[in-house]
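So the protein lines, in turn, are chains A and B.
With our numbering, the residue at position 331 of the first sequence is 754, and numbering never jumps.
With our numbering, the residue at position 266 of the second sequence is 319, and numbering never jumps.
C-beta atoms are modelled at their ideal positions from N, C-alpha and C, and glycine is treated no differently.
Heads up, the thing below is written out as structure tokens.
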Amino acid sequence: MSYGILSFGAYVPALRLSRAAILEAVGWAVPGLRGLAAGERAVANWDEDAVTLAVEAGRDCLRGLDNTVSQLSLASTTLPFSDRSNSGVVADALLLDNPLLTEDLGGSRRAATSALARMARAGEAALLLASECRETRPGSTQEMLYGHGAGALLLGEGKPIAEFVGAASCHEDLVDQYRTAEADFDYALEERWVREEGYLKIVPEVVEQAAREAGIAVTDIDHFVLHGSSATARALAKTLGVEGKRFGDALESNCGDCGCAHPLLMLAGALESARTDAYIMVIGFGQGADAVLLRATPALAGARAGRGLSRTLENKRLSSNYTYFLSLRNQIDIDFGLRSERDNRTALSAFYRKRRDITSMLGGRCSACNTLQFPRAIVCVKCGASDTQAPESLSGLTGRVKSFTEDWLAYTPSPPYIYGNVEFADGANVMLEFTDFTAGQVAVGDPVRLVFRVKDFDHKRHFRRYFWKPAPVIED
Amino acid sequence: MASGIKDKVAIIGMGCTRFGERWDCGPEELIVEAFTEALADAGVEREQIEMAWLGLFFQEQSAGKSALPLSMSLRLPNIPVTRVENMCATGTEALRGAVYAVAAGACDIALAVGVEKLKDTGYAGLPERSKGTFDDLWLPNATAPGAFAQLASAYAAKHQCNPQDLKRAMAHISVKSHANGALNPKAHLRRTITEDQAMNAPMIAAPLGLYDCCGVSDGAACAIVTSVEKAREMGLKDMVTVKAMQLAPSNGLEMSNTAWDGSYLLTTRIAAERAYKEAGITDPRKQLDMTEVHDCFSVTELVVMEDLGLCDEGGAIDAVLDGRFDRDGEVPCQIDGGLKCFGHPIGASGLRMAYEMYLQLLGRAGERQLASPSIGLTHNLGGHPFRNVASVSVFGLHA
Numbered sequence: 424m425s426y427g428i429l430s431f432g433a434y435v436p437a438l439r440l441s442r443a444a445i446l447e448a449v450g451w452a453v454p455g456l457r458g459l460a461a462g463e464r465a466v467a468n469w470d471e472d473a474v475t476l477a478v479e480a481g482r483d484c485l486r487g488l489d490n491t492v493s494q495l496s497l498a499s500t501t502l503p504f505s506d507r508s509n510s511g512v513v514a515d516a517l518l519l520d521n522p523l524l525t526e527d528l529g530g531s532r533r534a535a536t537s538a539l540a541r542m543a544r545a546g547e548a549a550l551l552l553a554s555e556c557r558e559t560r561p562g563s564t565q566e567m568l569y570g571h572g573a574g575a576l577l578l579g580e581g582k583p584i585a586e587f588v589g590a591a592s593c594h595e596d597l598v599d600q601y602r603t604a605e606a607d608f609d610y611a612l613e614e615r616w617v618r619e620e621g622y623l624k625i626v627p628e629v630v631e632q633a634a635r636e637a638g639i640a641v642t643d644i645d646h647f648v649l650h651g652s653s654a655t656a657r658a659l660a661k662t663l664g665v666e667g668k669r670f671g672d673a674l675e676s677n678c679g680d681c682g683c684a685h686p687l688l689m690l691a692g693a694l695e696s697a698r699t700d701a702y703i704m705v706i707g708f709g710q711g712a713d714a715v716l717l718r719a720t721p722a723l724a725g726a727r728a729g730r731g732l733s734r735t736l737e738n739k740r741l742s743s744n745y746t747y748f749l750s751l752r753n754q755i756d757i758d759f760g761l762r763s764e765r766d767n768r769t770a771l772s773a774f775y776r777k778r779r780d781i782t783s784m785l786g787g788r789c790s791a792c793n794t795l796q797f798p799r800a801i802v803c804v805k806c807g808a809s810d811t812q813a814p815e816s817l818s819g820l821t822g823r824v825k826s827f828t829e830d831w832l833a834y835t836p837s838p839p840y841i842y843g844n845v846e847f848a849d850g851a852n853v854m855l856e857f858t859d860f861t862a863g864q865v866a867v868g869d870p871v872r873l874v875f876r877v878k879d880f881d882h883k884r885h886f887r888r889y890f891w892k893p894a895p896v897i898e899d
Numbered sequence: 054m055a056s057g058i059k060d061k062v063a064i065i066g067m068g069c070t071r072f073g074e075r076w077d078c079g080p081e082e083l084i085v086e087a088f089t090e091a092l093a094d095a096g097v098e099r100e101q102i103e104m105a106w107l108g109l110f111f112q113e114q115s116a117g118k119s120a121l122p123l124s125m126s127l128r129l130p131n132i133p134v135t136r137v138e139n140m141c142a143t144g145t146e147a148l149r150g151a152v153y154a155v156a157a158g159a160c161d162i163a164l165a166v167g168v169e170k171l172k173d174t175g176y177a178g179l180p181e182r183s184k185g186t187f188d189d190l191w192l193p194n195a196t197a198p199g200a201f202a203q204l205a206s207a208y209a210a211k212h213q214c215n216p217q218d219l220k221r222a223m224a225h226i227s228v229k230s231h232a233n234g235a236l237n238p239k240a241h242l243r244r245t246i247t248e249d250q251a252m253n254a255p256m257i258a259a260p261l262g263l264y265d266c267c268g269v270s271d272g273a274a275c276a277i278v279t280s281v282e283k284a285r286e287m288g289l290k291d292m293v294t295v296k297a298m299q300l301a302p303s304n305g306l307e308m309s310n311t312a313w314d315g316s317y318l319l320t321t322r323i324a325a326e327r328a329y330k331e332a333g334i335t336d337p338r339k340q341l342d343m344t345e346v347h348d349c350f351s352v353t354e355l356v357v358m359e360d361l362g363l364c365d366e367g368g369a370i371d372a373v374l375d376g377r378f379d380r381d382g383e384v385p386c387q388i389d390g391g392l393k394c395f396g397h398p399i400g401a402s403g404l405r406m407a408y409e410m411y412l413q414l415l416g417r418a419g420e421r422q423l424a425s426p427s428i429g430l431t432h433n434l435g436g437h438p439f440r441n442v443a444s445v446s447v448f449g450l451h452a
């Protein structure tokens, strides 16, 4: 028994925007973006936010494991609720039971790495999720460079896939970029200044300190996970005196910078290739730095199947439609007509009564006839027995499309509105709104998996409600 | 043992407004227009009406809740008025209330009015409203065409039919109804259309195009009923009587269980079986002379032909394309133009269908009169295929 990482997970939304499409749209105004217009960036669908991204990363991390978690820590600077436990929503979606401590961490791009350093030092058992869904100003460098995504780590005592061996943190108020509470977007300063005064002076200190704590030399470290550009990684490698190739792929070409989630996403990438006993240094940067040193164990190889970064990166739908991207992210106000005016008020007392039915997608299984059904009811829909239904979640089941339509009349931020009857095991059928499908992609009989998404926005009261939606299955 | 409603109640007067975008009318004007025609037709005084039922669905945006819209519009002398709502079966539900009151002997003469003022919504299609505090948390914000379009996807999958054949049968249904509606001065849509137009119309909810969808209209319809005995006392000889009125709402099976395959309307089958029994119909294909079914969408009419036993299961495409439900077919359907051409002012539709049966049975249907029909069926389907309220009624001549 030792302490470390027990499992890991990653999630990058399927939608990717070609950076060439951004340049094509805004290059007339900002021709300087040409140098960044390669590859693609990850884009959260209209119904994804930092909460739903975190849920997917958490599901990836917990797949095949039991859900006994005593602490859920959610790190993000873009959580939808400033006051309502975002991690609490995630906990219900992940079917985590009480007793459970949930906490929302933010305020810094280092929110996740600082939490990781703290947990490692204290030996805290926790599910650490980091999620980021930063909006960007049209024509900005960030629009090119940023992506949306989430990473997850399960930490605790047991048979870790990577043991914790050292950590160091420091604070320096070098304001390389910032976002105040009243601002929609980040304000970033000159990259060369940040590199030379920031990364190259601040990071080596914590890296060396963490290595010392582990009793190894910096040159013994096999993988560096650095939250920074590849140019910064090259410069830092030189400063540290290590080969540049030890710095992992910063996911610039296929994802983009996912803020505080990025170190965990890159770590997931490193864990996919690290050999046994390899040292992995995770580095967070922003008004200081965190360095967390891990050592891969023989258990790592067996923990990779069916999860991780490359799997979610490969599950993609590439778009070159810039205005579609802007509209999904609320950066332009398309006129969707009078139907979009619908009042989506949520009766929160009704939601509270049904919170597990909705957030955990708990249906009921009748103990008299074994029929699974959603929603759960007092009387069984099949055999009529009363009070026989034991709660059971449908969220992990694969469904089959029984009927569907592509509705061009109903309002959705991403037409057509696709919905249909979906059949599940043991007799269950549920009419559900689909997501991540495009017109012409669904067929009767197709398998679907369920994902946790925003169901409706209530713009009047600044609320959003979540539910589960069928999405394309990910081929293994 | 209950004996059912057959031949206990006679319809002695009916009225129906012109359906359409009645920008000039509110619910009050529509109610008065339908009532005035029915009262004159029945030949009774308004003071003889002892009880009334009002069918109105979207109270939020038209006339409001309760008995008041009817009682006040007609300045009724404070008689009992009950407002009923059962989705698209609302109009039929109003008639059922009046018919049952007469059959129970609670009154001699009762009134049923169905009305809906839809065109104050501001957009095409039906208004969207809350489905209830729990359902809003999880059910898709479906539209009616999207919900019914799924009958087509499930039907095509089950019967392995070529989607183009299904689309063509759906087009045939709309072409036929438009041809019928063109002959009806009270219909909203009075132009004929071609199969090509229907097949190539803009997509609303795949595979339903514009011409697969019924119109959205304002309208009201009205019936005055009494007992068969009282009708005879009034000197009526050829009279239209109610042969059956049956209702079957979903209990959640379709929406929650795989027992339903999505390709047919379970409640319609149940209501039809009960109605045939009540009316003494054993072979609907031979015994029924005409039908007015709930053709909210072309595909609904197609599967309803099977659900009512008017063709074999899986045989609707051929039956429709063979013209079995055309005006000159075996069992004509939507002789008045149907929801397709009348549109669907929810509260009025059931009574509008009964109005056509009434006119046809009495030989008063003008240009579109069928050759001496003696029995006909009306059908409503409220809600969506996966959870709904179905009504099946049979009306006929009574010597």
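query                                                                                                                                                                        : result
Do we get a CB-CB distance below 9 Å when we pair A/Trp469 with the residues of chain B?                                                                                     : no
In whole angstroms, what separates the C-alpha of B/Leu179 from that of B/Ala195?                                                                                            : 11 Å
Could you name the residues of the stretch 351-365 of chain B whose beta carbon sits closer than 8 Å to any beta carbon of chain A, in the order they occur along the chain? : none
Does A/Trp451 pass the burial test, meaning 16 or more other C-beta atoms within 10 Å, or should it be called exposed?                                                       : exposed
Between the alpha carbons of A/Glu675 and A/Ala460, how many angstroms are there, rounded?                                                                                   : 11 Å
Show which residues of chain A have a CB atom less than 8 Å away from the CB atom of B/Ser454.                                                                               : As displayed, chain B neither begins before 54 nor continues past 452, which places residue 454 of chain B out of reach and without an answer.
Would a C-beta distance cut-off of 9 Å place B/Met406 and B/Glu345 closer than the cut-off?                                                                                  : yes
Of the residues that make up the stretch 102-130 of chain B, which ones have a beta carbon closer than 9 Å to any beta carbon in chain A?                                    : none
In chain A, which residues lie with their C-beta within 7 Å of the C-beta of B/Glu181?                                                                                       : Arg762 and Arg765
Distance check for B/Cys266 and A/Leu409, CA to CA, integer angstroms please.                                                                                                : Missing from the structure shown is residue 409 of chain A; chain A here goes from 424 to 899 and no further.
What is the C-beta distance between A/Arg730 and A/Gly511, in whole angstroms, given that I count them as a contact (C-beta under 8 Å)?                                      : The pair is not a contact, with the Cβ atoms about 24 Å apart (cut-off 8 Å).
Where does B/Glu383 fall in DSSP's three states?                                                                                                                             : coil
Considering only DSSP beta bridges, list what B/Trp106 is partnered with.                                                                                                    : B/Thr135 and B/Ala165
Taking the straight line between their C-alpha atoms, what separation do you get for A/Cys678 and B/Asp77?                                                                   : 58 Å
Looking only at its own chain, which residues have a Cβ that is under 6 Å from the Cβ of A/Leu612, when we skip the five neighbours before and after it?                     : Asp599
Can you tell which of A/Ser783, A/Asp520, A/Phe708 and A/Ala498 has the C-alpha that lies nearest to the C-alpha of A/Val617?                                                : A/Phe708
With C-beta atoms as the reference, is A/Gly711 less than 9 Å away from A/Ser837?                                                                                            : no
For B/Pro302, which beta-bridge partners are listed by DSSP?                                                                                                                 : B/Val442
Per DSSP, which residues does B/Met292 bridge with? Please list them.                                                                                                        : B/His451
When you compare only the Cα positions, how much space is there between B/Ala177 and B/Val269?                                                                               : 7 Å
Would B/Pro7 pass as a contact of B/Ala276 if the rule is Cβ separation under 9 Å?                                                                                           : Here chain B covers residues 54 to 452 and nothing more, so residue 7 of chain B does not appear.
Would you list the one or two residues that DSSP bridges to A/Pro870?                                                                                                        : A/Arg823
From the beta carbon of A/Ser451, is the nearest beta carbon of chain B less than 9 Å away?                                                                                  : Correcting the residue identity first, residue 451 of chain A is Trp in this sequence and not Ser. Not one chain B Cβ lies under 9 Å of A/Trp451.
Does the distance between the C-beta of B/Asp189 and the nearest non-hydrogen atom of the ligand ADP fall short of 8 Å?                                                      : Although the ligand ADP was asked about, the structure shown includes no ligands whatsoever.
Just checking: is the beta-carbon of B/Gln217 within a distance shorter than 9 Å of some beta-carbon in chain A?                                                             : no
Alpha carbon to alpha carbon, how far is B/Thr186 from B/Ala209? Give it in angstroms, no decimals.                                                                          : 34 Å
Can you give me, in chain order, the residues of the stretch 212-241 of chain B that have a beta carbon less than 8 Å from any beta carbon in chain A?                       : none
Mind listing the chain B neighbours of A/Ala773? Cutoff is C-beta to C-beta under 9 Å, in chain order.                                                                       : Gly185, Thr186, Phe187, Asp189 and Leu190
Specify the secondary structure class of B/Ile388 as computed by DSSP and reduced to three states.                                                                           : coil
Do A/Arg752 and A/Thr559 have their C-beta atoms closer together than 9 Å?                                                                                                   : yes
Is the CB-CB distance between B/Leu355 and B/Met223 below 9 Å?                                                                                                               : yes
Using three-state DSSP, classify A/Arg887 as helix, strand or coil.                                                                                                          : strand
What is the rounded straight-line gap between the Cα of B/Tyr408 and the Cα of B/Glu90?                                                                                      : 11 Å
Hey, out of B/Asp360, B/Glu359 and B/Lys393, whose CA is closest to B/Ile246's CA?                                                                                           : B/Lys393
According to DSSP, is A/Lys878 helix, strand or coil?                                                                                                                        : strand
Taking only beta-carbon positions, decide if A/Tyr834 is within less than 9 Å of chain B.                                                                                    : yes
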